[in-house]
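**Q**
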Amino acid sequence: MSQLWIMGCGDIGRRVASLYQKQGRSVIGWVRSEESLRLGEAQGISMRRGDLDVGEGIAASFAQQFVGADVFWFMPPRSERKIPSVSPELRLQSETSEIKGWNEGDLRLDTRLRTFLSTVQNAPRRIVLISTTGVYGDCAGRWIDETAPLKPKAARAVRRVDAENALRAWGERYQREWVVLRVPGIYAQDRLPLARLRRGEPVLQAAEAPWTNRIHADDLALICQVALARAASGSTYNVTDGQPSTMTDYFNQVADFSGLPRPPQVALAEAQGRMSAGMLSYLAESRRISNTKLLAELGVQLRYPSLRHGLLVT
124 MSQLWIMGCG DIGRRVASLY QKQGRSVIGW VRSEESLRLG EAQGISMRRG
174 DLDVGEGIAA SFAQQFVGAD VFWFMPPRSE RKIPSVSPEL RLQSETSEIK
224 GWNEGDLRLD TRLRTFLSTV QNAPRRIVLI STTGVYGDCA GRWIDETAPL
274 KPKAARAVRR VDAENALRAW GERYQREWVV LRVPGIYAQD RLPLARLRRG
324 EPVLQAAEAP WTNRIHADDL ALICQVALAR AASGSTYNVT DGQPSTMTDY
374 FNQVADFSGL PRPPQVALAE AQGRMSAGML SYLAESRRIS NTKLLAELGV
424 QLRYPSLRHG LLVT
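Per my numbering, the very first residue in the sequence shown carries number 124; after that it's consecutive.
This is the structure in structure tokens:
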């Protein structure tokens, strides 16, 4: 049985690890923070800590640890605020221009994943990457499947497109297996925006609210496990519950479930001065994501097929 790594072993990583632990399979988790390290160790995961942005934890034997391994890549691209400083030798190991020909200061690139791929080269057997449905950009509320063109608008989505491209190039260069999971908003009863609701922050009035999509954290963990075992190499899947709703409806349902007041609603023109830039960027995109391919090809049965199930079923 191949060694199993979870690169970026945060909340979703720990949920995935739990599924394997129940099967008696050991998992290795890689994290950047001390808190994530502690939480993983408390769960019984064999943890490693390092920072790929600066080469921390990458020793000469780094690639050897991944020979024949299966890898979940859950690390998000670095933010615009942090420019990495990667040693030149890490960038020059790959012979594939798609992987080696990058500028570490280019904010359009996922330099974190590129550093990993150029370092491990042909060592891993298969990599499952979490991307985002944000790669489709604004679709004006239309239904979207995996054949839709990629038109990322937000900088974070641009970097996710680069991550997908880098992984594809790695797979082609080294004849290794890869799968991409495009994921929207993730929720669970223990990761709801309760603090935001308690602060009474506004949402858009219902008539102007964009369509949004989501997946329950436990369903996402199961899908990750199934994708590693069953998905054909080179496959891409939209990982949603297939039941989109507006952002306003989402906050209203969470408020009702939590016994908190529903948030005040404001017009889009007023929202410009009352919402964060990050929230406004989400509100600038509207799309409904189909999960038909996911259910048909992977045979996954969602435990939480709608937000209502996710909030009410324990």
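We put the beta carbon where it would ideally sit given N, CA and C, even for glycine.
Would R337 and L430 qualify as a contact pair, given that the criterion is a beta-carbon distance under 8 angstroms?
**A** Taking 8 angstroms as the Cβ cut-off, R337 and L430 qualify as a contacting pair.
**Q** Quick check on P247: does DSSP put it in helix, strand or coil?
**A** In the structure shown, P247 sits in coil (DSSP, three-state: anything other than H, G, I, E or B).
**Q** Just reading off the beta strand (DSSP E) that T359 is part of, what are its end residues?
**A** Looking at the DSSP string, the run of the beta strand (DSSP E) that includes T359 is S358 to N361.
**Q** Going by DSSP, which residues form a beta bridge with V389?
**A** The partner list for V389 (beta bridge, DSSP) reads L327.
**Q** Sort out for me which residues DSSP pairs M130 with in a bridge.
**A** Paired residues: W153 and W196.
**Q** For L435, does the three-state DSSP call read helix, strand or coil?
**A** In the structure shown, L435 sits in a helix (DSSP, three-state: H, G or I).
**Q** Please classify R138 as buried or exposed, where buried requires at least 16 other C-beta atoms within 10 Å of its C-beta.
**A** So R138 ends up on the buried side.
**Q** Among all the DSSP beta bridges, which residues are the ones paired with G308?
**A** DSSP lists R337 as partners of G308.
**Q** Taking DSSP's pairing of strands, which residues face R76 in a bridge?
**A** Given that the chain is displayed from residue 124 to residue 437, the structure contains no residue 76 and the question cannot be resolved.
**Q** DSSP state of S159, grouped into three classes?
**A** Reduced to three states, the DSSP call for S159 is helix.
**Q** Can you tell me the Cβ-Cβ gap for A246 and A186, rounded? I've got them flagged as a contact below 8 angstroms.
**A** Indeed they touch by this definition, with Cβ atoms about 5 angstroms apart.
**Q** If you follow the alpha helix (DSSP H) that A183 is in, where does it begin and where does it stop?
**A** Neither: A183 is in no alpha helix (DSSP H) and is coded neither H nor E.
**Q** Tell me where the alpha helix (DSSP H) around F374 begins and ends.
**A** Start and end: M370 to S381.
**Q** Counting Cβ pairs closer than 8 angstroms, one from the segment 173-193 and one from the segment 230-250, do we hit at least three?
**A** Verdict: yes, contact present.
**Q** Going by beta carbon distance, what residues of the same chain come within less than 6 angstroms of G133, once the five residues before and after it are set aside?
**A** Once the five neighbours on either side are set aside, the close Cβ partners of G133 are S159.
**Q** Spatial neighbours of E413 within its chain, please: C-beta separation below 7 angstroms, excluding the five flanking residues on both sides.
**A** Per the sequence shown, the amino acid found at residue 413 is Ser instead of Glu. Once the five neighbours on either side are set aside, the close Cβ partners of S413 are W266, I267, D268, N361 and G365.
**Q** If you measure between the beta carbons of V200 and R314, is that distance less than 8 angstroms?
**A** Before going on, a small fix: residue 200 reads as Pro here, not Val. Not in contact: P200 and R314 (Cβ atoms no closer than 8 angstroms).
**Q** Is the number of C-beta pairs between the segment 337-352 and the segment 400-410 that are closer than 8 angstroms three or more?
**A** No: the two stretches stay apart, fewer than three of their Cβ pairs being nearer than 8 angstroms.
**Q** Contact check, M170 vs R148 under 8 angstroms by CB: the rounded distance?
**A** With a Cβ gap of about 16 angstroms, M170 and R148 do not count as contacting.
**Q** Would you kindly report the start and end of the unbroken alpha helix (DSSP H) that includes V190?
**A** Segment: none, V190 is in no alpha helix (DSSP H) and carries neither H nor E.
**Q** Which parts of the segment 248-302 are runs of the beta strand (DSSP E), unbroken and 3 residues or longer, counting only runs that do not cross its ends?
**A** Counting only runs of 3 or more, we get 249-255.
**Q** With three or more beta-carbon pairs closer than 8 angstroms as the criterion, would you say the segment 362-382 touches the segment 296-312?
**A** Taking 8 angstroms as the limit for Cβ pairs, the verdict is that the segment 296-312 does touch the segment 362-382.
**Q** Return the chain-ordered list of same chain residues with a C-beta closer than 6 angstroms to the C-beta of R249, the five sequence neighbours on each side being excluded.
**A** Taken in chain order, the residues that qualify are D193 and E300.
**Q** Span of the alpha helix (DSSP H) holding E420?
**A** T415 to L421 is the extent of the alpha helix (DSSP H) around E420.
**Q** With a Cβ-Cβ cutoff of 8 angstroms, do P275 and V258 count as a contact?
**A** Yes.
**Q** Might you give, ordered along the chain, the residues of its own chain that have their beta carbon closer than 8 angstroms to the beta carbon of A140, omitting 5 neighbours on each side?
**A** Once the five neighbours on either side are set aside, the close Cβ partners of A140 are I129, C132, V150, G152, G163, Q166 and I168.
**Q** On the DSSP letters alone, give me the boundaries of the alpha helix (DSSP H) that S404 sits inside.
**A** Taken as a continuous stretch (DSSP letters only), the alpha helix (DSSP H) holding S404 covers A400 to L406.
**Q** Roughly how many whole angstroms lie between the Cα atoms of T256 and A392?
**A** Computed Cα separation, rounded: 26 angstroms.
**Q** Rank W196, R235, G178 and E295 by C-alpha distance to the C-alpha of S202 and give the top, closest one.
**A** Answer by Cα proximity: R235.
**Q** Return the CA-CA distance between A289 and V423, expressed in angstroms with no decimal places.
**A** When rounded, the distance between both Cα atoms is 27 angstroms.
**Q** Could you have a look at R148 and say whether DSSP puts it in helix, strand or coil?
**A** The answer is coil: DSSP assigns R148 none of H, G, I, E or B.
**Q** Using CA atoms only, rank isn't needed, just tell me which of P316, P272 and A352 is closest to F374.
**A** Checked all of P316, P272 and A352; the closest Cα to F374 is P316.
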